[in-house]
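Numbering (the working numbering), first residue to last: 1 to 489. Just so you know, even glycine gets a beta-carbon here, dropped at the ideal spot from N, CA and C. Just so it is clear, the structure is predicted and the values come from calculations on it, not from any experiment. Okay, structure first, notes after.
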């Protein structure tokens, strides 16, 4: 299983960086192709010479002559590579070449324990290679004769080189080898591409998958929220995907959204069967992670299952609940905390289901942190939790301390992160803020999770701090249009 998971990780990594792998492989193969097909073709031909010491009927002398021939053959290899031999070949073939460069076109070897000398010659044409090999054996024979028998006595026992096998006309070049070169280039390109993907993977600190989060943090991933394209129909509006399908969206998107929040709701219930959390803060490390959309949809998902829910807008700096649910933005949480209104007077219907009430932020105060950390806020949460599950839409953890303060008064926090955008350092710092006030992280919610990373989900994207104050204050929201919220029932 471990090996299988590692293989999945590698495959996911390659899929994630497939474009880079493809480009690198194409560049390497393209370079190898250009190199291969622009090189001059080289042909090779072999000719063989035989070292002989002449015949002798005496067996003992014959054996001595054989050993002499073998020892001489070793020396003749060096003679074959000499400038003198090369110069003779130049003269014989009337070549316009330098002896040293011509020696570079041949190779000479003596097969083990034989009196043979093999000459391999290379040239840009088949005929040139054939003629060069044959001429080299003849030139070697001449050079040996001038050394061993300068008077050409032809007496027995004098070593000499005899051509025994002429070179054949080569039909195919020995270089370049397109099939081999391109195969090696493809392999090298894939290896370099894999190395690139591995480097990007190791340097990329963004949290893309639930497994990556669970491997790095000791906090469970409670759910993955899929993508559904455009959220709101108007600026400042968030789509209630858990209950109502997107305009222009299909049944598949509705089903995926409903299933995602149904699973999240179930995970919360089974987190502690005997004592499930009653007051839950929904926050995120940074603005734009979609925590307000997740908070509203989670509240709706729990409410349509039959459990009373109160959605509290705890983001007193950038409130969104009133605008999303067509609630009165002038009354809400701040009015209750300062004693202007009772809880009953401040709660407003959601327009989704009777089980879901909303407590808007109310008038934006100059001191949000002090209000949220007050005894009145703690008492309010306890009062609401007596009759319903309380879900608090809190500000992001890193810009301000409000969410950490709220979590200290709640049963815990769900931290929403953006899959593929949130980096591990941000989540580490966010969880550290919760720990600093003895707050509990109930789990992580992967927002904007792709179908590729979560096995079948898309992502929701929320505009958080991107709205101006006028658009936030507009009374636009989820219009139930008389529909019954059946999707999660």
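Given that a residue counts as buried once 16 or more other Cβ atoms are within 10 Å of its Cβ, and exposed if not, what is residue i?
i           : result
residue 256 : buried
residue 18  : exposed
residue 117 : buried
residue 105 : buried
residue 333 : buried
residue 111 : exposed
residue 456 : Confidence at residue 456 is low in this model, with a pLDDT of 40, below 50, so the placement of that residue is unreliable and no value is reported for it.
residue 366 : exposed
residue 444 : buried
residue 152 : exposed
residue 39  : exposed
residue 195 : exposed
residue 330 : exposed
residue 15  : exposed
residue 438 : exposed
residue 8   : exposed
residue 13  : buried
residue 323 : buried
residue 399 : exposed
residue 384 : buried
residue 86  : buried
residue 466 : Bear in mind that the predicted position of residue 466 carries a pLDDT of just 39, short of 50, making it unreliable; the figure below should be weighed with that in mind. Its Cβ having fewer than 16 others within 10 Å, residue 466 is exposed.
residue 226 : buried
residue 484 : Here the model assigns residue 484 a pLDDT of 36, short of 50, so the residue's position is not dependable and the matter cannot be decided.
residue 296 : buried
residue 119 : buried
residue 339 : exposed
residue 6   : exposed
residue 150 : exposed
residue 101 : exposed
residue 449 : buried
residue 413 : buried
residue 155 : exposed
Less than 9 Å separating the beta-carbons of residue i and residue j?
i           : j           : result
residue 25  : residue 217 : no
residue 326 : residue 426 : no
residue 169 : residue 44  : no
residue 141 : residue 162 : yes
residue 281 : residue 406 : yes
residue 302 : residue 389 : yes
residue 51  : residue 115 : yes
residue 189 : residue 29  : yes
residue 130 : residue 139 : no
residue 418 : residue 288 : yes
residue 336 : residue 311 : no
residue 42  : residue 166 : no
residue 376 : residue 321 : no
residue 183 : residue 31  : no
residue 495 : residue 357 : The requested residue 495 does not occur in the structure, where the chain is confined to residues 1 to 489.
residue 272 : residue 222 : no
residue 49  : residue 174 : no
residue 171 : residue 99  : no
I think residue i touches residue j, with their Cβ atoms under 8 Å apart; what is that distance to the nearest whole Å?
i           : j           : result
residue 278 : residue 411 : 6 Å
residue 210 : residue 224 : 6 Å
residue 76  : residue 144 : 6 Å
residue 299 : residue 391 : 5 Å
residue 89  : residue 47  : About 12 Å separates the two Cβ atoms, so there is no contact after all.
residue 415 : residue 258 : About 23 Å; that fails the 8 Å criterion.
residue 160 : residue 148 : 6 Å
residue 197 : residue 21  : 6 Å
residue 84  : residue 108 : No, residue 84 and residue 108 are not in contact; Cβ-Cβ is about 14 Å, not under 8 Å.
residue 441 : residue 404 : With 8 Å as the limit, residue 441 and residue 404 do not qualify as a contact, their Cβ atoms being about 11 Å apart.
residue 181 : residue 36  : 5 Å
residue 409 : residue 363 : 21 Å between Cβ atoms; not a contact.
residue 380 : residue 343 : 7 Å
So with Cβ pairs under 9 Å, would you call residue i a contact of chain B?
i           : result
residue 284 : The chain labelled as chain B is not found in the depicted structure, where only one protein chain is given.
Counting Cβ pairs closer than 8 Å, one from the stretch 348-362 and one from the stretch 420-427, do we hit at least three? no
Are three or more beta carbon pairs between the stretch 352-366 and the stretch 429-436 nearer than 8 Å? no
Sufficient close CB pairs (3 or more, under 8 Å) joining the stretch 202-216 to the stretch 72-79: no
On the three-pair Cβ rule with 8 Å, is the stretch 289-307 touching the stretch 370-385? no
Do three or more CB pairs link the stretch 387-402 to the stretch 310-319 at distances below 8 Å? yes
Give, in chain order, every unbroken run of the beta strand (DSSP E) that is at least 3 residues long and sits entirely within the stretch 42-107. 43-52
Return the chain-ordered ranges of every beta strand (DSSP E) run that is complete within the stretch 411-455 and spans a minimum of 3 residues. 412-418 and 441-449
Complete runs of the beta strand (DSSP E) confined to the stretch 360-398 [at least 3 residues]: 389-393
Residue ranges of each alpha helix (DSSP H) run of no fewer than 4 residues wholly in the stretch 183-232, ordered along the chain? 210-216
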